[in-house]
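Okay, so the sequence shown: first residue is 1 according to the working numbering, each after it adds one.
I have placed the structure first, in the form of structure tokens, so that the comments after it can refer back to it.
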Amino acid sequence: YERLNDIFQSIRLIRKKNDLTEEDILPKLPKPEELKPFPSKDNVIFKGHDNTIISLCIDDSGDYLFSGDLAGFVHIYDSKTTKILHKIHFKDNIKSIEFSSILQIITICCEESIYFLRPIFLEKRVKNDIIHSNIIPNIESKNFDSNKIYKWKTYDKHSIQKNGLLFSIHWNEGSLLNFQWHHKGDF
1 YERLNDIFQS IRLIRKKNDL TEEDILPKLP KPEELKPFPS KDNVIFKGHD
51 NTIISLCIDD SGDYLFSGDL AGFVHIYDSK TTKILHKIHF KDNIKSIEFS
101 SILQIITICC EESIYFLRPI FLEKRVKNDI IHSNIIPNIE SKNFDSNKIY
151 KWKTYDKHSI QKNGLLFSIH WNEGSLLNFQ WHHKGDF
């Protein structure tokens, strides 16, 4: 009690405010001409899209770059050579592109659908394929409940080999904005 009383009754000091200017606080920065050499031109250029790119994604190894534009085109590039490895067109408006390094699946989220694809060059990287062994057979046998809000769709072998499309989910109500994979591969 005595300590609190001392603090309460002690004289309060009024401290002067320090007059500091911006020059006193901020360090002196060198001119940009003195900072050279720094990149002054493009080092790598990925060509192929005719429209504005809305979504970009890079796989964990850095080998592939996935991009989607306003016209519905998805391009898959080799990061080292900047060549287009695969190109696919969707009629829906693309919102985002994500890549699951666990399942080796590219997910294209559109306004009314989510497309799951795995091009042929990614098939080689798959060790334990649960997509072809569990998920697609369950969709085809109608083990997934499909109600009036969404509908599952699988694709034939020709579409899988040509485009890499495995399956998709289509919404009848509302629209999607984004889709992201959990770091362990779960949704």
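Where is the CB? At the ideal position from N, CA and C, for every residue including glycine.
Whose C-alpha, out of H183, H170, K162 and G68, is nearest the C-alpha of D50? Residue G68 is the option with its Cα nearest to D50.
Determine the DSSP secondary structure at E98, reduced to helix, strand or coil. Note: E98 maps to strand in three-state DSSP.
In three-state DSSP terms, what is I88? I88 falls in the strand class under three-state DSSP.
Between K17, L65, L103 and Q161, which lies nearest to H183 when the distance is taken from Cα to Cα? Checked all of K17, L65, L103 and Q161; the closest Cα to H183 is L103.
Segments of 3+ residues assigned as beta strand (DSSP E) that fall wholly inside the region 25 to 58: DSSP assignment within the region 25 to 58 yields the following whole beta strand (DSSP E) runs of 3 residues or more, N-terminal first: 53 to 58.
Which of helix, strand or coil DSSP assigns to K157: If DSSP states are grouped into helix, strand and coil, K157 belongs with the helices.
Terminal residues of the continuous beta strand (DSSP E) containing L117? For L117, the uninterrupted beta strand (DSSP E) segment begins and ends at S113 to L117.
Taking just the CA atoms, how far does L117 sit from L165? In a straight line, the C-alpha of L165 is about 4 Å away from that of L117.
In DSSP terms, what H183 is bridged to: According to DSSP, which records beta bridges pairwise, H183 is partnered with nothing at all.
Considering only DSSP beta bridges, list what T81 is partnered with. For T81, DSSP assigns no beta-bridge partner whatsoever.
For K91, which option in K162, K80, C109 and T154 has the closest C-alpha, if you only look at C-alpha atoms? Ranked by Cα distance from K91, the first of K162, K80, C109 and T154 is C109.
Nearest-angstrom Cβ-Cβ length linking N178 and Y150, presumed shorter than 8 Å: With a Cβ gap of about 16 Å, N178 and Y150 do not count as contacting.
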